[in-house]
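Asks: Just so we're aligned: 48 in the numbering used here is position 42 of the sequence shown, and the numbers increase by one with no gaps anywhere. No residue lacks a Cβ here, since even glycine has one placed at the ideal position from N, Cα and C. Remember, it's a predicted structure, so these values are computed and weren't measured experimentally. What follows is a structure written as structure tokens; I'll ask about it next.
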Amino acid sequence: MKFFVDTADINDIRDLASTGLLDGVTTNPSLIMKAGKAFIPLIEEICSVVSGPVSAEVASTDYETMLKEGKKLAKIAKNVAVKVPLTPAGLKVCKALSDEGTMVNVTLCFSASQAILAAKAGAAFISPFVGRLDDIGADGLNLIADIVEIYNNYDDWNTEVLVASVRHPIHIVESAKIGAHVVTCPPDVIKKLYSHPLTDKGLAAFVEDWKKTGQSIL
Ligand code: G3P
């Protein structure tokens, strides 16, 4: 399973990249707004830190402008994945860019039928939003299971399921059990994956007992 971080905060990205566990980055207009930096240079900087896919989202909603924006974003770096919304125009842009060899991440997916269309449009990634579905009383992880099952039926579909809108470690663990290809998580959720009180307690005891031996390894 690949780990992407869902942020445009360059410090968090550098920090997570240094763990050696980070495979990519996803951004969206809301995260860019939060970062408060100029979009194009920021994506350029992120691409210089992370060699895996870096999603940069188009801002328009009509086909012609989205296509122009997508082509411009794709030129920033080889590892840019152009992010487009799951609309008829967005999928048309996805097909056009994918046919040219550009990675496309189709975002705002909330149904299996939408995910089928994204695969047919040649998307490199489909981003179903699990947290936002859970928020309205639906089952986000159930959608992930449906999409993975459907995609596994077709060898000629190479679209990876990128679980987005991740809110807690259970979303990640369950997505891994289902066999989703990628999860994109806010930095704080990635940090939570490490934590267990018994690890902290056990380590404290080992450190204390080691001191009592009076020995040193180095
Ligand atoms: O990048 C898209 C997605 O991950 C957004 O998540 O928490 O705003 O629903 P959230």
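Determine the extent of the alpha helix (DSSP H) in which Val205 is found, giving its start and end residues.
Replies: In the sequence shown, counting from the first residue as 1, residue 205 sits at position 199. Position check: residue 205 holds Thr in this sequence, whereas Val was assumed. Counting along the chain, the alpha helix (DSSP H) containing Thr205 begins and ends at Pro203 to Thr219.
Asks: Between which residues of its own chain and Asn158 is the CB-CB distance below 6 Å, once the five residues before and five after are set aside?
Replies: Numbered from its first residue, the sequence shown carries residue 158 at position 152. Closer than 6 Å at Cβ, skipping near neighbours: no residue.
Asks: Measure from the alpha carbon of Leu199 to the alpha carbon of each residue in Ile176, Thr113, Lys207 and Val60, then state which is nearest.
Replies: Along the sequence shown, one-based indexing puts residue 199 at 193. It is Ile176 whose Cα lies nearest to the Cα of Leu199.
Asks: So which of Cys115, Ser104 and Leu149 has the shortest CA-CA distance to Asn164?
Replies: The sequence position of residue 164 within the sequence shown is 158, counting from 1. The option with the nearest alpha carbon to Asn164 is Ser104.
Asks: Would you call Thr67 buried or exposed, if buried means 16 or more other Cβ atoms sit within 10 Å of its Cβ?
Replies: The residue you call residue 67 lines up with position 61 of the sequence shown. Burial call: exposed.
Asks: In terms of DSSP beta bridges, what is Met109 paired with?
Replies: On the sequence shown, position 103 is the one that residue 109 refers to. Answer is Ala87, bridged to Met109.
Asks: Of all the options Pro193, Pro94, Ala95 and Cys115, which has the alpha carbon lying nearest to the alpha carbon of Asp15?
Replies: Translated into positions along the sequence shown, residue 15 becomes position 9. Selected option, being the one with the closest Cα: Pro193.
Asks: Taking DSSP as the reference, what is the three-state secondary structure of Ala129?
Replies: For the purposes of this step, residue 129 is taken as the residue at position 123 of the sequence shown. Coil at Ala129, not helix or strand.
Asks: The ligand G3P heavy atoms versus the CB of Asn111: any closer than 7 Å?
Replies: If you number the sequence shown from 1, residue 111 lands on position 105. No, the Cβ of Asn111 stays beyond 7 Å of every heavy atom of the ligand G3P.
Asks: Kindly identify the DSSP beta-bridge partner or partners of Val60.
Replies: Working through the sequence shown from its first residue, we reach residue 60 at position 54. Partner(s): Val31 and Val86.
Asks: Can you tell me whether Asp12 is helix, strand or coil according to DSSP?
Replies: Translated into the one-based positions of the sequence shown, residue 12 becomes position 6. Correct three-state label for Asp12: strand.
Asks: Select from Ser171, Ile156, Ile19 and Phe131 the residue whose C-alpha is nearest the C-alpha of Asp140.
Replies: Here residue 140 refers to the residue found at position 134 of the sequence shown. Closest option to Asp140, Cα to Cα, is Ser171.
Asks: Counting only the same chain and skipping the five closest in sequence on each side, list residues whose C-beta sits under 7 Å from that of Leu22.
Replies: For the purposes of this step, residue 22 is taken as the residue at position 16 of the sequence shown. Once the five neighbours on either side are set aside, the close Cβ partners of Leu22 are Val11, Leu28, Pro193 and Ile196.
Asks: Could you check the C-alpha separation between Pro47 and Ala62 for me, to the nearest Å?
Replies: Locating residue 47 in the sequence shown gives position 41, counting from the first residue. Locating residue 62 in the sequence shown gives position 56, counting from the first residue. Roughly 12 Å separates the two Cα atoms.
Asks: Applying the criterion that 16 or more other CB atoms from any shown protein chain within 10 Å of the CB defines a buried residue, is Pro35 buried or exposed?
Replies: Taking the sequence shown and counting its residues from 1, one reaches residue 35 at position 29. Exposed, because fewer than 16 other Cβ atoms sit within 10 Å of the Cβ of Pro35.
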